[in-house]
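Colleague:
Residue numbers (my numbering): 54 to 245.
1) The alpha helix (DSSP H) spanning residue 214 covers which residue range?
2) Taking residue 176 as part of the alpha helix (DSSP H), name the residues at either end of that continuous run.
3) What number of angstroms, rounded off, separates the C-alpha of residue 140 from the C-alpha of residue 128?
4) CA-CA distance, residue 85 and residue 215?
5) Which stretch, first to last residue, makes up the alpha helix (DSSP H) that contains residue 66?
6) Given a threshold of 16 other Cβ atoms within 10 Å of its Cβ, counted over all protein chains shown, does residue 109 qualify as buried or as exposed?
7) Which whole-angstrom value is the C-beta distance of residue 211 and residue 233, which I expect to be below 8 Å?
8) Taking 9 Å as the threshold (C-beta atoms), are residue 70 and residue 96 in contact?
9) With a CB to CB cut of under 8 Å and the five nearest residues on each side skipped, what residues in its chain are close to residue 130?
10) Around the Cβ of residue 133, are there at least 16 other Cβ atoms within 10 angstroms (buried) or fewer (exposed)?
11) Could you compute how far the alpha carbon of residue 178 sits from the alpha carbon of residue 217?
12) According to DSSP, is residue 147 part of a helix, a strand, or is it coil?
13) Please report the Cβ distance between residue 114 and residue 154, rounded to the nearest whole angstrom; I am assuming they are in contact, meaning their Cβ atoms lie under 8 Å.
14) Measure the Cβ-Cβ separation of residue 159 and residue 83 and say whether it is below 9 Å.
15) Among the candidates 116, 207, 106 and 201, whose CA atom is the shortest distance from the CA of residue 168?
16) Go to residue 236, then tell me how far its alpha helix (DSSP H) extends in each direction, as first and last residue.
17) Mind listing, in chain order, the continuous beta strand (DSSP E) runs of no fewer than 3 residues lying wholly within the region 91-143?
18) Using only alpha-carbon positions, find the residue among 180, 100 and 186 that is nearest to residue 125.
19) Where does residue 55 fall in DSSP's three states?
20) Of the choices 173, 105 and 143, whose alpha-carbon is the least far from that of residue 12?
Written as structure tokens, this is what we have:
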């Protein structure tokens with residue numbers, strides 16, 4: 054006979070509400086300014102429910118960022134420029150949702166918890182940058198880009214252009230992903 058489970062099963066809708074609320078609060082206040090009581094109240098939960106799921110503020114903040122990383126990246130087609138456009142389209146969708154742009158701004162503050170910053174970089178920044186680099190390296194491997202293309206710098210330009218527009222108060226155009234991918238592709242020496 055299987056052992057009896059203690060308590061009710063976790064409600065995934067409450068988890069989602071808590072993590073979304075936490076991201077908004079992170080974007081507004083940073084990790085040090087998080088209030089478990091305020092998050093619980095806004096998410097329609099209780100402090101006890103939060104503490105059953107996450108033992109402290111840092112664990113909750115890390116979970117909120119890790120949850121963002123769970124979005125499925127675009128399928129690789131084998132056409133590097135097309136894949137780069139798809140990756141930037143995915144970036145746009147992710148950055149517009151869930152207070153991600155403001156959360157990126159929080160990462161620039163000096164007082165960000167080092168563990169939180171590490172998780173943010175490992176779970177969000179590094180995977181996306183790796184996918185962008187892979188698109189450009191496939192372009193080199195297929196002879197579509199020259200072997201001396203500066204992939205390291207180009208990979209920072211693609212998402213950096215979005216952040217630069219945001220800082221300037223300019224709304225990126227609807228065709229931002231396509232235009233940015235083509236600009237970087239040509240800057241790397243590609244045609245198209």
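Ideal Cβ placement from N, Cα and C applies to all residues, glycine included. All of these numbers come straight from a predicted model, not from anything done at the bench.
Modeller: Looking at the atomic coordinates:
1) 204-221
2) No alpha helix (DSSP H) contains residue 176, which DSSP labels as neither H nor E.
3) 9 Å
4) 27 Å
5) 65-82
6) exposed
7) 6 Å
8) yes
9) 136 and 139
10) buried
11) 16 Å
12) helix
13) In fact, because the Cβ distance is near 17 Å, the residues do not count as touching under 8 Å.
14) yes
15) 116
16) 229-240
17) none
18) 180
19) Reliability fails at residue 55, whose pLDDT of 48 lies under 50, so the model's placement of it is uncertain and the value that follows must be treated cautiously. Correct three-state label for residue 55: coil.
20) Outside the shown range of the chain, which is 54 to 245, sits residue 12, and nothing can be said about it.
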